[in-house]
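Quick notes on the structure that follows.
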Amino acid sequence: MPKFVVSLRLPDTFDEAFITLIPQHRAFINQLFADKVVEVYAISSDRSRGWVTMNGDDAAAVQAVVEQFPLYPYLHGVEIDELFIFDSASSRFPPISLN
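If you count the sequence shown from 1, position 48 lands on 48 in UniProt numbering, and the numbers rise without skipping.
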(Lines of atoms letter the chains of each structure in order from A and count residues from 1; the text may use other names and numbers.)
(Lines give C-alpha, C1' and ligand atoms only; values in the text may rest on other atoms or scores of the structure.)
Protein backbone atom coordinates (compact mmCIF):
# COMPACT_ATOMS: atom_id res chain seq x y z
CA MET A 1 0.00 0.00 0.00
CA PRO A 2 1.37 3.43 -0.89
CA LYS A 3 2.64 5.74 1.85
CA PHE A 4 2.02 9.47 1.99
CA VAL A 5 3.33 12.31 4.10
CA VAL A 6 0.84 14.98 5.06
CA SER A 7 2.31 18.39 5.88
CA LEU A 8 0.09 20.86 7.66
CA ARG A 9 0.15 24.25 9.33
CA LEU A 10 -1.49 24.85 12.66
CA PRO A 11 -3.14 28.19 13.52
CA ASP A 12 -0.99 30.98 14.95
CA THR A 13 -3.03 31.02 18.16
CA PHE A 14 -5.10 28.30 19.79
CA ASP A 15 -8.50 29.45 20.96
CA GLU A 16 -10.63 27.59 23.51
CA ALA A 17 -12.58 25.74 20.80
CA PHE A 18 -9.31 24.42 19.34
CA ILE A 19 -7.98 23.32 22.73
CA THR A 20 -11.27 21.59 23.55
CA LEU A 21 -10.91 19.43 20.42
CA ILE A 22 -7.38 18.19 21.20
CA PRO A 23 -8.42 15.10 23.25
CA GLN A 24 -10.89 14.04 20.55
CA HIS A 25 -8.23 14.60 17.89
CA ARG A 26 -5.65 12.53 19.79
CA ALA A 27 -8.16 9.69 20.27
CA PHE A 28 -8.84 9.70 16.53
CA ILE A 29 -5.10 9.67 15.71
CA ASN A 30 -4.57 6.84 18.21
CA GLN A 31 -7.31 4.82 16.48
CA LEU A 32 -5.62 5.45 13.13
CA PHE A 33 -2.36 4.14 14.65
CA ALA A 34 -4.20 1.01 15.84
CA ASP A 35 -5.72 0.58 12.36
CA LYS A 36 -2.24 0.99 10.81
CA VAL A 37 -3.39 4.00 8.78
CA VAL A 38 -1.01 6.41 10.55
CA GLU A 39 2.62 5.42 11.02
CA VAL A 40 4.19 8.67 12.23
CA TYR A 41 2.63 11.76 13.81
CA ALA A 42 4.81 14.76 14.61
CA ILE A 43 4.25 18.39 15.63
CA SER A 44 7.08 20.94 15.65
CA SER A 45 8.25 22.25 19.02
CA ASP A 46 6.84 25.70 18.26
CA ARG A 47 3.48 24.04 17.46
CA SER A 48 3.24 25.72 14.06
CA ARG A 49 3.68 22.71 11.74
CA GLY A 50 2.83 19.04 11.67
CA TRP A 51 3.67 15.95 9.64
CA VAL A 52 1.74 12.70 9.43
CA THR A 53 2.93 9.62 7.57
CA MET A 54 -0.08 7.64 6.41
CA ASN A 55 -0.96 4.56 4.39
CA GLY A 56 -3.67 4.82 1.76
CA ASP A 57 -4.73 3.65 -1.67
CA ASP A 58 -4.19 7.09 -3.18
CA ALA A 59 -3.96 10.78 -2.27
CA ALA A 60 -7.74 11.15 -2.40
CA ALA A 61 -8.19 8.39 0.19
CA VAL A 62 -5.61 10.04 2.47
CA GLN A 63 -7.31 13.43 1.99
CA ALA A 64 -10.63 11.87 3.00
CA VAL A 65 -9.09 10.62 6.27
CA VAL A 66 -7.37 13.95 6.97
CA GLU A 67 -10.70 15.74 6.52
CA GLN A 68 -12.04 13.60 9.38
CA PHE A 69 -9.41 14.94 11.82
CA PRO A 70 -11.33 16.81 14.53
CA LEU A 71 -8.84 19.69 14.16
CA TYR A 72 -9.12 19.77 10.35
CA PRO A 73 -11.14 23.03 10.23
CA TYR A 74 -8.19 24.76 11.94
CA LEU A 75 -5.45 23.36 9.69
CA HIS A 76 -3.93 25.51 6.96
CA GLY A 77 -1.86 24.60 3.93
CA VAL A 78 -2.48 20.86 4.03
CA GLU A 79 -0.21 19.15 1.49
CA ILE A 80 -0.19 15.44 0.65
CA ASP A 81 2.80 13.84 -1.07
CA GLU A 82 3.20 10.19 -2.05
CA LEU A 83 6.51 8.78 -0.85
CA PHE A 84 8.85 6.79 -3.06
CA ILE A 85 11.06 5.68 -0.16
CA PHE A 86 10.12 5.46 3.51
CA ASP A 87 12.82 4.08 5.78
CA SER A 88 13.23 4.44 9.52
CA ALA A 89 15.20 2.84 12.33
CA SER A 90 11.98 1.76 14.03
CA SER A 91 10.82 -0.21 10.98
CA ARG A 92 13.95 -2.37 10.87
CA PHE A 93 14.48 -5.68 12.59
CA PRO A 94 16.22 -5.47 15.97
CA PRO A 95 19.86 -6.59 16.04
CA ILE A 96 20.40 -10.27 16.74
CA SER A 97 22.12 -11.17 20.01
CA LEU A 98 23.98 -14.48 19.99
CA ASN A 99 24.31 -14.88 23.75
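Positions of the beta carbon are idealized from the N, C-alpha and C atoms, including for glycine. Remember, it's a predicted structure, so these values are computed and weren't measured experimentally.
Phe18 sits close to Pro11, with the two beta carbons spaced by under 8 Å. Restricting attention to alpha helix (DSSP H) runs no shorter than 4 residues, the stretch 69–99 encloses none. Residue pairing for Lys3: DSSP places it in a beta bridge opposite Asn55. DSSP places Glu39 in the uninterrupted beta strand (DSSP E) bounded by Val38 to Ile43.
When secondary structure is reduced to three states using DSSP, Arg47 falls in the coil class, being assigned neither helix nor strand. In the structure shown, the three-state DSSP call for Leu10 is coil.
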